[in-house]
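Asks: Below is the structure I would like to discuss, written out as structure tokens.
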Amino acid sequence: GNLVLGPHGIRLAVSAEMEDGCPQACGPLFLGLFRIVKEALANVVKHSGASSVEVRVVASRDGLVLAIGDDGRGLPPGCGKGRGLLSMRRRAEELGGKMTLDSGAGLRLQFFVPWPGHAAGRANEARRGTDLRPSESPA
Numbered sequence: 006g007n008l009v010l011g012p013h014g015i016r017l018a019v020s021a022e023m024e025d026g027c028p029q030a031c032g033p034l035f036l037g038l039f040r041i042v043k044e045a046l047a048n049v050v051k052h053s054g055a056s057s058v059e060v061r062v063v064a065s066r067d068g069l070v071l072a073i074g075d076d077g078r079g080l081p082p083g084c085g086k087g088r089g090l091l092s093m094r095r096r097a098e099e100l101g102g103k104m105t106l107d108s109g110a111g112l113r114l115q116f117f118v119p120w121p122g123h124a125a126g127r128a129n130e131a132r133r134g135t136d137l138r139p140s141e142s143p144a
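Next comes the structure, spelled out in structure tokens:
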């Protein structure tokens with residue numbers, strides 16, 4: 006992360022949590038999430054004007070939640086259909102998951118991806134409202 010963001014003066018905070026009893030993750034899942042994070046950080050550098058970004062990952066028994074948020078200018082009204090956002094949404098869907106987007110003071114993306122073979126947990130996780138909004142001031 007620092008190689009991408011450091012030269013641009015953008016602070017990066019990364020955190021991860023794991024519940025007991027989580028399944029072992031597989032390569033395609035991590036590769037897909039890595040590509041989502043890579044695209045999101047590239048978008049922060051190119052478009053956001055942010056001074057900080059936070060990446061949080063929480064592994065539960067149902068799947069993984071990935072939250073990425075920055076303190077930049079957010080999306081202008083009517084935007085949100087760029088190639089980068091569409092690519093991230095498609096990657097999440099290919100993994101059986103979904104992406105949500107919240108823009109205002111900064112941009113917040115949240116992805117839920119169920120463990121392979123555990124798609125039933127997807128609806129429960131979405132309803133449970135695992136809100137992993139990155140904090141307002143990443144360290």
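In this note's numbering, the protein residues as written are 6 to 144.
Cβ atoms here follow ideal geometry from the backbone N, Cα and C, with glycine treated the same way.
All values reported here derive from a predicted model rather than from experimental measurement.
#1: Compute the Euclidean distance between the alpha carbons of Arg113 and Gly11, then round it to the nearest angstrom.
#2: So is Gln115 buried or exposed if we call it buried at 16+ other beta carbons inside 10 Å?
#3: Would you mind sorting Gly109 into buried or exposed? The rule is 16 or more other CB atoms within 10 Å of its CB.
#4: With 9 Å as the threshold, decide whether the Cβ of His52 is near any Cβ in chain D.
#5: Between the region 30-39 and the region 97-105, do three or more beta carbon pairs fall short of 8 Å?
#6: Over what stretch of residues does the beta strand (DSSP E) that includes Ile73 continue unbroken?
Replies: Working from what's here:
#1: 20 Å
#2: buried
#3: exposed
#4: Any reference to chain D falls outside this structure, which holds one protein chain only.
#5: Short answer: they touch.
#6: Ile73 -> beta strand (DSSP E) spans 68-75.
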